[in-house]
Amino acid sequence: MPAAVPVPVPPPAIVCDAVWRDGPRGRDIAVRLRLPAGTTPVPVVVWSPGLGGGTGGGAAWGTAWAA
4 MPAAVPVPVP PPAIVCDAVW RDGPRGRDIA VRLRLPAGTT PVPVVVWSPG
54 LGGGTGGGAA WGTAWAA
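For the sequence shown, the numbering used here assigns the number 4 to the initial residue and increments by one for each residue that follows.
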């Protein structure tokens with residue numbers, strides 16, 4: 004049986020929920036930011052569930068992208 008190879012596990016992302024106001028349309032927009040741990044610059048991914056989806060949609064993708 005081959006030896007197990009350790010795989011590094013990234014630290015969990017910081018999750019920050021907020022509400023942004025769309026003034027011209029008079030509506031609130033719920034947002035969830037997943038911030039990777041560390042100080043290294045990383046790209047930004049913007050994902051929208053569309054059609055009234057909530058901030059919980061796409062949790063698996065958001066967690067993976069923030070890793």
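For glycine and all other residues, C-beta sits at the position ideal for the given N, C-alpha and C.
- In the three-state reduction of the DSSP assignment, A16 falls in the coil class.
- In the structure shown, W23 falls within a strand segment according to DSSP collapsed to helix, strand and coil.
- Out of A69, G29, S51 and W50, the CA that lies nearest to the CA of P44 is found in A69.
- Sequence-distant partners of A21 (beyond 5 residues in either direction) whose C-beta falls short of 6 Å from its own C-beta, in its chain, are V34.
- A check of alpha carbon separations from D31 across T58, T66, A63 and P13 identifies T58 as the nearest.
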